[in-house]
Structures are given as structure tokens and as C-alpha cells.
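Reading through the C-alpha cells given below for one structure.
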Amino acid sequence: VTGIPYFKTQVCHTGSWHYGISPNTENLAEAVAFVKYASSDDGARIFYKYVRQLPANIGLFNELPEYAEGGSQRLWLDAMNDFGIPRIGTPGYTEYQQMMSEALQNIQAGGDIPEILGATAGRIEGLVAKYTGWNN
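For the sequence shown, this note's numbering gives the first residue as 790, with consecutive numbering after it.
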């Protein structure tokens, strides 16, 4: 077990999955029912069973012995409380995450770091240009 690796300061982006319903859905009642269930304590238990991430559902969180003092996930919980910061607030996060993942894989494969990062920055700028003015 180790803490979060870092160069200058420890930082770990925080956040979680969220549910939404498209305004164009043809199945509004079913979508609402699903989101209500998925957001419930029972739905959160199912999600936690398969994903095993720090639960956002307080009812479930309070039931889990692994996050209690001395529990197997307590180090992770303490790290999130001490070093966690919200993910960047941008509608382009998905594009950013995908491009950075590809860049890191290419670097791991032995690629030229300045070339890879320069190309990645250009691709990210192109992909997120469609969001210009989103927060105005």
C-alpha cells in the first residue's frame, strides 16, 4: 500500500458518476424510474458491488466497514479528504481524458515526449473548440 505519488504536492482529482436524462428521450417515465432507483441506497449498493469506488451515497458509505477507521479502504478515504480536488470544470473533460490517456500510452511505448504532448495539446484544443463560450 502506498500513498498518492507526486512531484511537488499530492493531488487526486475527485468526482463521481452522475445520472442524467436526455430532453429528447422517448421513454421519460422509464428514464426517471431508472435514475430514481440507481440513486437509491439499493441502486448504489449494486453500483458499488461492481465498481468498488468510494460511494457518493451517504447511506451506503456509512454501512461499509472498509471505510471505517482501520478499514481496508481507509487510506484511500483519508487521501481523498486530504488531497482531493474537484476535476476540472469543463464540458471538454471527456475529450481531455481520452487524449491524455492516449498520450500516456504512447509515452509508455517509448514515443518522443515533447512531440507527443505537443500533438496532444493541439488535438485537445481542436476537440474542445466546440465548447467555446460555454460558461459565459
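Even glycine gets a Cβ: it sits at the ideal position worked out from N, Cα and C.
- Nearest Cα to Phe850 within the set Asn925, Asp830, Asp867 and Gln897: Asp830.
- Counting along the chain, the unbroken beta strand (DSSP E) around Gly873 starts and ends at Gly873 to Pro875.
- Taking the Cα of Ser811 as reference, the smallest distance to any Cα among Glu852, Gly804 and Val824 is reached at Val824.
- Contact holds between the stretch 875-886 and the stretch 903-921, because three or more Cβ pairs, one in each stretch, are under 8 Å apart.
- A direct Cα-Cα distance of roughly 16 Å separates Ala833 from Glu855.
- Between the stretch 871-878 and the stretch 799-808 there are three or more inter-stretch CB-CB distances shorter than 8 Å, so the stretches are counted as touching.
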